[in-house]
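**Q** Counting from 304, one number per residue, gives the positions in the sequence shown under this note's numbering.
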Amino acid sequence: MEEGSKRRVTCTILSIDHTDMFYRVCGVCERTLPNPSSICHSCNPPSKRLFRFLMSVATDTEVLTVICFDRVAKLLLGCSADEFFHFAKLHPFSGVTLNEIMEGEMFTVTLSKSMNANAQHIRVASAVPLSSSFQPAINLLKQCYQTPHAS
């Protein structure tokens, strides 16, 4: 795949790496912060958490490891990174359960090669579920752990 190019594929999620799903950014300018205790020296506001996780997906011809960032991850999970983080603190095995819930889900995704030459993975630019019964993962996790649906 050429730098900056995009392609649409139909794929099945094989697994989600739930061990490292988040990163921190400045709450104003959204600059990536090097570690959780860092602050943005330009803006000096509180930081916020965003999604960034690896997924293994299978197309009809190949298995790929792709990276999923906040916008698409919110579609798949149905909540913000902070909401999922706090849910996972209350339910320590929710990452494993997330992987089980998402395994086998089929999507049409747009994959794009990062403009950053140092990027190691193809990113998921968009995702459209193929099942009309698709539910965001947080809904199923709340059912599984029997928590209220209100956020």
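Ideal Cβ positions, reconstructed from N, Cα and C, are used throughout, including at glycine.
#1: Give me, in chain order, the residues of the same chain whose beta-carbon lies closer than 6 Å to that of residue 348; leave out the 5 immediate sequence neighbours on both sides.
#2: Residues bridged to residue 326 by DSSP?
#3: Would you list, in sequence order, the uninterrupted beta strand (DSSP E) runs of no fewer than 3 residues that lie entirely inside the segment 396-434?
#4: Is residue 369 near the ligand NAD - that is, is its Cβ less than 7 Å away from at least one heavy atom of it?
#5: Compute the distance between the beta-carbons of residue 391 and residue 352, then report whether it is under 8 Å.
#6: Label residue 327 either buried or exposed according to how many other C-beta atoms from any shown protein chain fall within 10 Å of its C-beta, with 16 as the threshold for buried.
#7: Using CA coordinates, which residue listed in 381, 363, 389, 400 is at the minimum distance from residue 318?
#8: Out of 394, 343, 371, point me to the one whose CA is closest to residue 354's CA.
#9: Any idea if residue 418 is buried or exposed, counting beta-carbon neighbours within 10 angstroms, 16 or more meaning buried?
#10: Could you check if residue 440 is buried or exposed, using at least 16 other CB atoms within 10 Å of its CB as the buried criterion?
#11: Confirm, please, whether the CB-CB distance from residue 448 to residue 394 is below 8 Å.
**A** From the atom records:
#1: On the sequence shown, position 45 is the one that residue 348 refers to. Result list for residue 348: 330, 331, in chain order.
#2: Taking the first residue of the sequence shown as 1, we reach residue 326 at position 23. DSSP lists 353 as partners of residue 326.
#3: Within the segment 396-434, the runs of beta strand (DSSP E) that reach at least 3 residues and sit entirely inside it are, in chain order, 409-415, 425-432.
#4: Within the structure as shown, the ligand NAD is missing, as the structure has no ligands at all.
#5: As a first step, residue 391 must be located in the sequence shown, where it is residue number 88. As a first step, residue 352 must be located in the sequence shown, where it is residue number 49. No, the pair does not count as a contact, with Cβ atoms beyond the cut-off.
#6: Within the sequence shown, the letter at position 24 stands for residue 327. Answer is buried; the Cβ neighbour count reaches 16.
#7: Within the sequence shown, numbered from 1, the residue matching residue 318 stands at position 15. Between residue 318 and the set 381, 363, 389, 400, the nearest pair of CA atoms involves 400.
#8: As a working mapping, residue 354 is identified with position 51 in the sequence shown. When only C-alpha atoms are compared, the closest one is 371.
#9: By 1-based counting over the sequence shown, the position of residue 418 is 115. A residue is called buried when at least 16 other Cβ atoms come within 10 angstroms of its Cβ; residue 418 does not meet this threshold and is exposed.
#10: Start at 1 with the first residue of the sequence shown, and residue 440 comes out as number 137. Buried, since its Cβ has 16 or more Cβ neighbours within 10 Å.
#11: Locating residue 394 in the sequence shown gives position 91, counting from the first residue. Locating residue 448 in the sequence shown gives position 145, counting from the first residue. With respect to residue 448, residue 394 sits close: the two C-beta atoms are nearer than 8 Å.
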